[in-house]
Amino acid sequence: YKPGKPGGGWDDSDDEEEEDVMELAREDISKCSSVSFDCIDISKVEVKDSVIDWVDEHKVVDSFTLNEPLHKIDYSSITSLCKSCSSLNCDKILAFLLSKLEEKEELVQLRALIFVEYLIFHDIVSLESLMKILVSPLNNFIEKAEEAPNSVKIKAKKVCLIIKNLIKSSPHSFPFASTQTPIKCNI
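Count along the sequence shown from 1, then add 58; that gives the number in our numbering.
Here's what the structure looks like:
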């Protein structure tokens with residue numbers, strides 16, 4: 059007889075075996091984890107940074123910014139790349155595209171800026187990300203890149219103007235949306 063069982067009565071032998079198995083499992087677990095979380099000094103716990111490699115983001119950027127002629131840009135391929143960006147970290151993609159401006163190949167630089175344009179037009183990247191990641195570095199690039207080809211400078215200015223107009227037309231209030239905007243896109 060087991061008190062507390064519904065209906066009183068004698069317990070089935072199957073139930074006893076299940077309880078024995080459960081009790082053994084609890085003992086095994088308590089042997090493995092004999093330390094209570096209450097007694098852990100959190101200040102001494104070493105947390106290792108998880109390494110995120112951003113492989114997919116690099117693949118997207120690298121697959122478009124090849125040093126190939128611009129006439130080889132296919133609308134369907136760039137559209138599919140833009141769509142694939144929607145499931146990736148767009149801030150990282152913008153940062154990787156921006157790093158392509160540091161390369162010396164004109165076609166790579168132009169392709170990076172073209173890809174930024176497509177991301178903007180397909181509404182893949184937020185206006186906040188554009189302001190946070192692109193505006194200042196693009197302005198610096200335009201001002202300080204004397205050796206950059208004219209076509210790249212013009213494309214960078216165009217991207218700046220697009221962002222500037224998006225900020226002006228945005229219903230949200232942004233610190234850059236005032237008349238004293240730091241975006242210097244004078245052509």
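Using N, Cα and C, we set each Cβ at its ideal position, and we do this for glycine too.
- Under the three-pair Cβ rule at 8 Å, the region 149-156 counts as touching the region 189-204.
- Shown here, histidine 180 sits in coil according to DSSP, grouped into three states, outside any helix or strand.
- Between glutamate 115 and phenylalanine 122, the alpha-carbon positions lie close to 11 Å from each other.
- Look at isoleucine 110 here: in three-state DSSP terms it is coil, with no helix or strand label.
- Taking the Cα positions, serine 184 is about 29 Å away from glutamate 126.
- The beta carbon of valine 217 is closer than 8 Å to those of Leu171, Val174, Glu175, Ile178, Leu192, Leu196 in its chain, skipping five residues each way along the sequence.
- Counting other Cβ atoms within 10 Å of its Cβ, leucine 128 stays below 16 and is therefore classed as exposed.
- Lys162 is the residue among Val118, Lys162, Ser194, Ser228 whose C-alpha sits nearest the C-alpha of glutamate 204.
- By the criterion of a C-beta distance shorter than 6 Å, leucine 156 is surrounded in its chain by Pro195, once the five residues flanking it on both sides are discounted.
- Per DSSP, isoleucine 131 lies in no alpha helix (DSSP H) segment and is marked neither H nor E.
- From the listed residues Pro229, Lys226, Phe199, Ser135, the smallest Cα separation to lysine 213 is found for Phe199.
- Classified as exposed, isoleucine 110 has fewer than 16 neighbouring CB atoms from the shown chains inside 10 Å of its CB.
- Around the C-beta of valine 113, fewer than 16 other C-beta atoms lie within 10 Å, and the residue is accordingly described as exposed.
- A distance below 6 Å between beta-carbons, with the five flanking residues on each side excluded, links glutamine 167 to the following residues of its chain, in chain order: Leu159, Val210.
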